[in-house]
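The structure under discussion appears below in the form of structure tokens.
2 protein chains.
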Amino acid sequence: MVATRPRKKSAVADHRPRVARERRARTRARILAAAMDVFAAKGPDAPVIDDFIRAAGIARGTFYAYFTSTDELLDATSAWLEDSLIHSIQAEISAMDDPVLRLATGVRLWLRWSIEDRAWSTFVVRSRFRGPLVERQLTADLRLGLASGAFKAPSVSIARDLVVGTILETMRRIVDEKVPASLPEDLARLILRALGLSERLAAKAIGAPAPRIKRPNPALP
Amino acid sequence: MVATRPRKKSAVADHRPRVARERRARTRARILAAAMDVFAAKGPDAPVIDDFIRAAGIARGTFYAYFTSTDELLDATSAWLEDSLIHSIQAEISAMDDPVLRLATGVRLWLRWSIEDRAWSTFVVRSRFRGPLVERQLTADLRLGLASGAFKAPSVSIARDLVVGTILETMRRIVDEKVPASLPEDLARLILRALGLSERLAAKAIGAPAPRIKRPNPALP
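Chains A and B, in that order, give the protein sequences.
1407 is the number of the first residue of the first sequence in my numbering; add one for each residue after it.
1407 is the number of the first residue of the second sequence in my numbering; add one for each residue after it.
Written out as structure tokens, the structure is:
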């Protein structure tokens, strides 16, 4: 693709000063933030490019300077969300060396975020977004916990389906209803019990500190 | 609606002999069976009426004698599936007076059926089918179990989201992969543990007989 670009444009991009690069990043972030709302409202298949242009308040030419199709934009939006939220969660749990604690804290942070940011929840539910980073972290922790005997389940995949399915169905409820503030901890407890933890160990994992996370702006350099 | 129908047509329907009624029921069942496959392949929104006509091998005029839109057909297909499978499951569990046993057996029968009939699983996953009868039975049993102390969860809705979400995510796997024959019992065990049952009581509920169910043909009179 790069080779077919007009020579002049690529030369301009290479020597663009910092301020222009930052403006470009801001415009990209603005399109992605608008895209999340559009995909949340209309699902992954129905939106047309005009929807994104209108929501972001940009010109058609500007849109095409960043993305060439709604599919490409959906991929970029998922990647942006994953970068922002999942990296924030991973930053919090990577210092923990117990897979049970990492799983419990990850579930709590994910659900807290879902309650606080309903547009995000709607996007996840409607787009059937599955972040590969989340899957990797989750299956790694389940595998470690099963190997150590902390978790009890006949396979990683059954345990993974319970965790992911429960969270997704709960997010559908979050989109539609007001939920209690205790929901993240309540649900983490049920999940840990399902994975074979005793009440006492489940309560201990849920009682650990789970710092408030803040969405960074990953589009800025 | 009935009042606006042409008089002649309704008179014909009223006096139609049994054999014609049965033929009509068979054609309807044929359209519904084809519709389930079409919705499973294309999802709830994409199919057009030509897809159903082709899949059922009927004339356009025949289709419109039964259904007027794809939305109406989607509703009828869901109702037909609900009638067939859920009534069969209910017939098996209604004699049980323990809500824990009813829930465990319902989950096992539902998943067994999902493994045996992949077209049905695909339809449920893609259409986001939620049978009101299933919801009613499930929430009733959860409520009874919570009231008696057999189940432990902070609310019926959290327990319901865990059961429904886990089953739906498992059905997504069933659509894509070969799963072990023990999956229904394995998953029922995890769900019962999540709901606060001990290993021993969970094993007891899962060990109960769960008769093989056969899909009836609900379209026949």
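We put the beta carbon where it would ideally sit given N, CA and C, even for glycine.
The structure presented is a predicted model; accordingly, all values stated were derived computationally and were not measured.
Ends of the alpha helix (DSSP H) at residue i?
i	result
B:Asp1592	1589-1600
A:Asp1582	1562-1582
A:Ile1619	No alpha helix (DSSP H) holds A:Ile1619; DSSP gives it neither H nor E.
B:Leu1607	1605-1612
Express the C-alpha separation of residue j and residue i in angstroms, rounding to a whole number.
i	j	result
A:Trp1486	B:Ala1559	35 angstroms
B:Trp1357	B:Val1425	Given a span of 1407 to 1627 for chain B in the structure shown, any question on residue 1357 of chain B remains unanswerable.
A:Ala1611	A:Leu1509	9 angstroms
A:Ser1550	B:Val1581	Sequence check: residue 1550 of chain A is Leu here, not Ser. Approximately 27 angstroms, taken between the alpha carbons.
A:Leu1539	A:Asp1489	9 angstroms
A:Pro1423	A:Arg1430	11 angstroms
A:Arg1595	B:Pro1590	23 angstroms
A:Arg1413	A:Ala1471	Model confidence at A:Arg1413 stands at a pLDDT of 47, short of 50, so the residue's coordinates are unreliable; what they give is reported in the following sentence. A:Arg1413 and A:Ala1471: Cα-Cα distance of roughly 16 angstroms.
B:Val1444	B:Met1577	18 angstroms
A:Leu1552	B:Leu1548	29 angstroms
A:Pro1617	A:Thr1511	9 angstroms
A:Leu1491	B:Ile1492	40 angstroms
B:Ala1452	B:Arg1524	20 angstroms
A:Ala1358	A:Ser1484	It is not possible to answer for residue 1358 of chain A, since the shown part of chain A is limited to 1407 through 1627.
A:Glu1522	B:Gln1543	32 angstroms
A:Ser1563	B:Glu1478	37 angstroms
A:Ala1546	A:Gly1537	14 angstroms
B:Asp1567	B:Ser1561	10 angstroms
B:Leu1607	B:Met1442	38 angstroms
B:Ile1455	B:Gly1449	14 angstroms
B:Leu1517	B:Val1531	13 angstroms
A:Phe1529	B:Ala1482	29 angstroms
B:Glu1541	B:Ser1500	15 angstroms
B:Ile1619	B:Ser1554	29 angstroms
B:Ala1447	B:Arg1460	14 angstroms
B:Lys1584	A:Ser1520	32 angstroms
B:Ser1533	B:Ala1497	25 angstroms
A:Phe1473	A:Leu1480	10 angstroms
B:Ile1495	B:Leu1515	7 angstroms
B:Ala1505	B:Phe1458	As written in the sequence, residue 1505 of chain B is Pro, which differs from the Ala given in the question. In a straight line, the C-alpha of B:Pro1505 is about 40 angstroms away from that of B:Phe1458.
A:Met1502	B:Ala1440	52 angstroms
B:Gly1613	B:Asp1592	11 angstroms
A:Thr1476	A:Thr1468	14 angstroms
A:Ala1565	A:Pro1615	24 angstroms
A:Pro1586	A:Glu1428	40 angstroms
B:Ser1588	A:Ser1604	24 angstroms
B:Ala1609	A:Arg1432	56 angstroms
A:Arg1579	A:Leu1507	25 angstroms
Would you check if there are 3 or more beta carbon pairs closer than 8 angstroms linking the stretch 1553-1572 of chain B to the stretch 1588-1607 of chain B? The stretch 1553-1572 of chain B is in contact with the stretch 1588-1607 of chain B.
Touch check for the stretch 1432-1445 of chain A and the stretch 1458-1470 of chain A: three-plus C-beta pairs under 8 angstroms? Touching, per the Cβ criterion.
Ordered list of alpha helix (DSSP H) runs contained in the stretch 1502-1566 of chain B, each at least 4 residues: Taking 4 residues as the minimum length, the alpha helix (DSSP H) runs contained wholly in the stretch 1502-1566 of chain B are 1505-1522, 1524-1533, 1538-1554, in order along the chain.
Sequence ranges, alpha helix (DSSP H) only - wholly within the stretch 1427-1512 of chain B, length at least 4: Secondary structure in the stretch 1427-1512 of chain B: the alpha helix (DSSP H) runs of 4 residues or longer, each lying completely within the stretch, are 1455-1462, 1466-1470, 1476-1487, 1493-1499 in chain order.
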